[in-house]
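One structure below.
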Amino acid sequence: KRVAILISGGGSNMLALVRDMAGDHPARPVLVASNDPEAAGLARAADLGIETAAVDHRPFGKDRAAFEAALTERLERARPDIICLAGFMRILTPGFISRWEGRMLNIHPSLLPKYRGLHTHARAIEAGDAEHGCSVHEVTAELDGGPVLGQARVRIEAGDTPDDLAARVLVQEHRLYPMVLRRFAVGDRRPVLL
Ligand code: GRF
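In terms of full-length UniProt numbering, the sequence shown opens at residue 5 and continues consecutively.
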């Protein structure tokens with residue numbers, strides 16, 4: 005299976021996926037693309053010999069559809085079977101999502117359905133939750149709302165700052181996402197629960 009990975013920043017989740025695919029694996033990375041030409045993950049992917057692309061969203065202003073048309077054109081050239089959103093920070097329109105529905109995954113730093121959207125770590129601490137974590141889900145038109153294919157849990161410790169918690173969750177993201185992609189790539193939708 006051909007996998008395209010969309011990033012916006014450092015790409016640590018992308019690296020975890022790429023490293024896992026370097027071994028015996030039903031999928032391989034064919035493109036790493038970013039909406040930010042300065043995304044550090046682009047250089048990290050290129051260093052590993054992976055095709056990269058930057059489709060800068062800024063020239064398109066508020067015209068999401070035009071940005072997504074440019075992104076789609078670039079994606080189509082890579083002929084991906086699966087798209088993995090990994091630290092991708094743009095909201096995608098239902099039009100784009102419907103084109104890839106059933107073939108697009110995302111990792112979100114919360115135990116969905118709790119804390120959809122942003123600032124999930126601060127919100128979990130604020131709420132006094134004992135646990136937090138991350139979820140991999142199929143992307144549907146509902147923001148952070150698709151079927152959950154995997155979750156990993158961490159404890160929230162007394163005195164945790166959002167950054168402390170984010171770092172603890174990120175370690176689990178790097179374990180969870182590759183495990184989910186291995187199953188998803190062979191059509192196995194049994195949830196991975198860590
Ligand atoms: C992290 O906050 C992670 O929780 C979320 O995206 C952000 C950046 O991830 N998935 P990455 O290092 O760019 O993969």
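C-beta: ideal position from N, C-alpha, C; glycine also.
This one's a predicted model, so the numbers in the text were calculated from it and none came from an experiment.
The ligand GRF heavy atom lying under 6 Å from the CB of residue i
{"i": "Ser-139", "result": "no"}
{"i": "Ile-9", "result": "no"}
{"i": "Ala-90", "result": "yes"}
{"i": "Gly-154", "result": "no"}
{"i": "Gly-13", "result": "yes"}
{"i": "Ser-16", "result": "yes"}
{"i": "Ile-111", "result": "yes"}
Cβ neighbour criterion (16 or more within 10 Å) applied to residue i
{"i": "Ala-128", "result": "buried"}
{"i": "His-123", "result": "exposed"}
{"i": "Glu-130", "result": "exposed"}
{"i": "residue 235", "result": "The structure shown does not extend to residue 235, since the chain is modelled only from 5 to 198, so the question has no answer here."}
{"i": "Pro-63", "result": "exposed"}
{"i": "Gly-154", "result": "buried"}
{"i": "Ile-86", "result": "buried"}
{"i": "Gly-15", "result": "buried"}
{"i": "Ala-90", "result": "buried"}
{"i": "Ile-9", "result": "buried"}
{"i": "Leu-109", "result": "buried"}
{"i": "Leu-185", "result": "buried"}
{"i": "Leu-21", "result": "buried"}
{"i": "Pro-151", "result": "exposed"}
Beta bridge counterpart(s) of residue i as assigned by DSSP
{"i": "Pro-33", "result": "Val-7"}
{"i": "Met-25", "result": "BP columns for Met-25 are empty, so no partner."}
{"i": "His-112", "result": "Ser-139"}
{"i": "Thr-56", "result": "Val-36"}
{"i": "Gly-154", "result": "Val-140, Val-196"}
{"i": "Ala-89", "result": "The question names Ala, but residue 89 is Leu in the sequence shown. Paired residues: Leu-10, Asn-110."}
{"i": "Arg-159", "result": "Glu-135"}
> Can you find at least 3 beta carbon pairs, one from the segment 71-79 and one from the segment 18-32, that sit closer than 8 Å?
Replying inline: no
> Does the segment 140-153 come close enough to the segment 161-169 to have 3 or more Cβ pairs within less than 8 Å?
Replying inline: no
> Just checking, does the segment 41-49 make contact with the segment 92-112 on the three C-beta pairs under 8 Å criterion?
Replying inline: no
> How do the segment 35-46 and the segment 111-123 stand: do at least 3 beta-carbon pairs fall below 8 Å, yes or no?
Replying inline: no
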